[in-house]
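Chemist:
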Amino acid sequence: MSASTHGTTPYYYVPAESRHPVMAAAGLFFVILGAGQWINGHDWGKYSLALGMVWWLFVLYQWFRDAARESEGGLYGHKIDLSYRWSMSWFIFSEVMFFGAFFTALWWARSHSVPALGSLDNALLWPDFKAVWPSLAAGVTASPAGIVEPFQTVGPFWLPTINTALLLTSGVTLTIAHHALRENQRGKTIAFMWATVLLGIVFLIVQGYEYYHLYTDLNLKLSSGVFGSTFFMLTGFHGFHVFVGMLMLLFITLRLQKGHFTAEKHFGFEGAAWYWHFVDVVWLGLYVLVYWM
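Note that our numbering has the sequence shown beginning at 26, numbered continuously upward.
Encoded structure:
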């Protein structure tokens, strides 16, 4: 199917065959392999993780660059725009299901698993167990045979609250940038986009410091029972999504500086904004259910 170079073409543009999907999958393979091996004490895992991350980011850059060239070349008409909107909507829906599974695991452990272990029947297997949350925290009960070291829990003050303020503020700056773009105020749009990217970077720095504090001062680790595993799975995956969203916003900002997007046509901007607002909402759930409750 030949594609018209006019942006309002009624035809669906079919791009040439691309190596990007398989190359991105290969990079993610090394990321997952390295992370798993590093967590389990194999030192070479961190090198695989670093290699996979650099590989994946390079492929992502090339993929975004090619898509931007096609869009600016007038190859994307209404049908492509509509398909992108549906694709991004379903992608965010899949992310809702992804985080929903981990939130459900947290709820199940607190509401069913821990109370069941404290029942009369299980008291015969673990007489010293106390059905409280978080289980195995310091001062609550000792781990059977020292399987899990005692740890301290983390509250909402102050690092999680600071990160909440950072993400909420980033949502505001992103919304201001969106309204400025729709009003053809490109300078204002770029300024507030850079502010949003900076807030995302600061969020990641604060979370990195929080992880360091948890491991070194509170002895809260991924291996700290069901509390540690659910805590780091939820906050860790959310942090990764913030990182991805920040890269999206950074790429959009660089495109804005090159004169890309108009007040009428800017779904690349909108798609990244949808994703960022979704990340904000997930964090609010984490802030309440993990840090406060």
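Glycine included, every Cβ here is placed at the ideal spot set by N, Cα and C. Computed from a predicted model, the values in this text were never measured in an experiment.
Since A93 and L74 are thought to touch, with beta carbons under 8 Å apart, how far apart are those beta carbons, to the nearest angstrom?
Modeler: Your numbering for residue 93 matches position 68 in the sequence shown. Your numbering for residue 74 matches position 49 in the sequence shown. Their Cβ separation, rounded to whole angstroms, is 28 Å, which puts A93 and L74 out of contact at 8 Å.
Chemist: Please classify W301: does DSSP put it in a helix, a strand, or coil?
Modeler: Taking the sequence shown and counting its residues from 1, one reaches residue 301 at position 276. In this structure, W301 counts as helix in the three-state DSSP scheme.
Chemist: Quick one: grab the DSSP three-state call for F294.
Modeler: Indexing the sequence shown from 1 puts residue 294 at position 269. In the structure shown, F294 sits in a helix (DSSP, three-state: H, G or I).
Chemist: Please check the pair T189 and W308, which I expect to be a contact at CB under 8 Å, by giving their CB distance rounded to whole angstroms.
Modeler: On the sequence shown, residue 189 is found 164 positions in, with the first residue counted as 1. On the sequence shown, residue 308 is found 283 positions in, with the first residue counted as 1. Confirmed, about 7 Å.
Chemist: Just checking my contact of F127 with L259 at CB under 8 Å: how many whole Å lie between their CB atoms?
Modeler: Taking the sequence shown and counting its residues from 1, the one referred to as residue 127 is at position 102. Taking the sequence shown and counting its residues from 1, the one referred to as residue 259 is at position 234. That pair is a contact at about 5 Å.
Chemist: In the DSSP assignment, find the alpha helix (DSSP H) that holds Y86 and state where it starts and stops.
Modeler: Reading the sequence shown from its first residue, position 61 is the one you call residue 86. That run of the alpha helix (DSSP H) goes 70-97.
Chemist: Cα separation between A216 and G196?
Modeler: In the sequence shown, counting from the first residue as 1, residue 216 sits at position 191. In the sequence shown, counting from the first residue as 1, residue 196 sits at position 171. Using only the alpha carbons, I get a separation of about 14 Å.
Chemist: Tell me where the alpha helix (DSSP H) around L249 begins and ends.
Modeler: Indexing the sequence shown from 1 puts residue 249 at position 224. Correcting the residue type first, residue 249 is Ser in the shown sequence and not Leu. Here S249 belongs to no alpha helix (DSSP H), and DSSP marks it neither H nor E.
Chemist: Can you tell me the Cα-Cα spacing of S254 and V315, whole angstroms?
Modeler: By one-based count along the sequence shown, residue 254 stands at place 229. By one-based count along the sequence shown, residue 315 stands at place 290. If I take the Cα positions, the gap works out to 12 Å.
Chemist: Residues in the same chain with beta-carbon distance under 8 Å from L224, minus the five sequence neighbours each way, listed in chain order, please.
Modeler: The residue given as residue 224 occupies position 199 in the sequence shown. Around L224: L191, L192, T194, S195, T198.
Chemist: Whole angstroms are fine: how far does the CA of I64 sit from the CA of H6?
Modeler: Residue 6 falls outside the range modelled here, since the chain spans only 26 to 318, and no answer is possible.
Chemist: Which runs of the beta strand (DSSP E) fall wholly inside the segment 165-245 and span at least 3 residues, in chain order?
Modeler: If we require 3 residues or more, the segment 165-245 turns out to have no beta strand (DSSP E) run fully inside it.
Chemist: Roughly how far, in whole angstroms, is the beta-carbon of F292 from the beta-carbon of D106, given that I think they are within contact range, below 8 Å?
Modeler: Against the sequence shown, residue 292 aligns to sequence position 267. Against the sequence shown, residue 106 aligns to sequence position 81. Contact holds; Cβ gap of about 6 Å.
Chemist: R280 by DSSP, collapsed to three states: which one?
Modeler: In the sequence shown, counting from the first residue as 1, residue 280 sits at position 255. Looking at R280 - three-state DSSP - the assignment turns out to be helix.
Chemist: Quick one: what's got a C-beta closer than 7 Å to L247's C-beta in the same chain, skipping five residues either side?
Modeler: The sequence position of residue 247 within the sequence shown is 222, counting from 1. If we look at L247 and ignore the five residues flanking it on each side, its Cβ neighbours are I64, G253, S254, F257.
Chemist: Please report the residue range of the alpha helix (DSSP H) in which W115 lies.
Modeler: Looking up residue 115 in the sequence shown gives position 90. 103-133 is the span of the alpha helix (DSSP H), which, as asked, contains W115.
Chemist: Mark Y36 as exposed unless 16 or more other C-beta atoms lie within 10 angstroms of its C-beta, in which case mark it buried.
Modeler: Counting from 1 along the sequence shown, the entry for residue 36 is found at position 11. Classification of Y36: exposed, given that the 10 Å Cβ count is below 16.
Chemist: If you compare alpha carbons, which of H67, E42, W81, H203 is closest to F343?
Modeler: Residue coverage of the chain in this structure runs from 26 to 318, which leaves residue 343 outside it and unanswerable.
Chemist: Along the chain, where does the alpha helix (DSSP H) containing L142 start, and where does it finish?
Modeler: What you label residue 142 is simply residue 117 of the sequence shown in a count that begins at 1. First-last of the alpha helix (DSSP H) with L142: 139-142.
Chemist: Roughly how many angstroms lie between the CA atoms of D242 and E97, to the nearest whole one?
Modeler: Here residue 242 refers to the residue found at position 217 of the sequence shown. Here residue 97 refers to the residue found at position 72 of the sequence shown. For D242 and E97, the distance between alpha carbons rounds to 51 Å.
Chemist: What did DSSP end up calling A156 once you bin it into helix, strand or coil?
Modeler: Translated into positions along the sequence shown, residue 156 becomes position 131. Of the three classes helix, strand and coil, the one that applies to A156 here is coil, per DSSP.
Chemist: Output the boundary residues of the alpha helix (DSSP H) element that contains P46.
Modeler: Residue numbering aside, residue 46 sits at position 21 when the sequence shown is read from its first letter. Note, P46: alpha helix (DSSP H), 45-64.
Chemist: Relative to the C-alpha of L275, which residue among P40, I226, G233, V79 is closest?
Modeler: As a first step, residue 275 is located in the sequence shown; it is residue number 250 there, counting from the start. Out of P40, I226, G233, V79, I226 has the C-alpha closest to the C-alpha of L275.
Chemist: Compute the Euclidean distance between the alpha carbons of A220 and Q210, then round it to the nearest angstrom.
Modeler: Locating residue 220 in the sequence shown gives position 195, counting from the first residue. Locating residue 210 in the sequence shown gives position 185, counting from the first residue. Looking at the two C-alpha atoms, the distance is approximately 16 Å.
Chemist: Reducing DSSP to helix, strand and coil, say where V315 ends up.
Modeler: By 1-based counting over the sequence shown, the position of residue 315 is 290. Helix at V315.
Chemist: For V251, does the count of other Cβ atoms within 10 angstroms reach 16, so buried, or fall short, so exposed?
Modeler: Here residue 251 is taken as the residue at index 226 of the sequence shown, counted from 1. With 16 or more Cβ atoms within 10 Å of its Cβ, V251 is classed as buried.
Chemist: Where does H285 sit, in a helix, a strand or coil, going by DSSP?
Modeler: Residue numbering aside, residue 285 sits at position 260 when the sequence shown is read from its first letter. If DSSP states are grouped into helix, strand and coil, H285 belongs with coil.
Chemist: If we count the other Cβ atoms within 10 Å of its Cβ and call it buried at 16 or more, is V222 buried or exposed?
Modeler: The residue you call residue 222 lines up with position 197 of the sequence shown. Result: buried.
Chemist: State yes or no: is the C-beta of G270 nearer than 7 Å to some heavy atom of the ligand MN?
Modeler: The ligand MN is not part of this structure, which contains no ligands at all.
Chemist: Does the Cβ of A298 have 16 or more other Cβ atoms within 10 Å, making it buried, or fewer, making it exposed?
Modeler: By 1-based counting over the sequence shown, the position of residue 298 is 273. Buried, because 16 or more other Cβ atoms sit within 10 Å of the Cβ of A298.
Chemist: Keeping to the same chain, check which residues put their C-beta closer than 7 Å to that of L206; ignore five residues upstream and five downstream.
Modeler: Reading the sequence shown from its first residue, position 181 is the one you call residue 206. These residues qualify, in order along the chain: T214, F286, A288, H291, F294.
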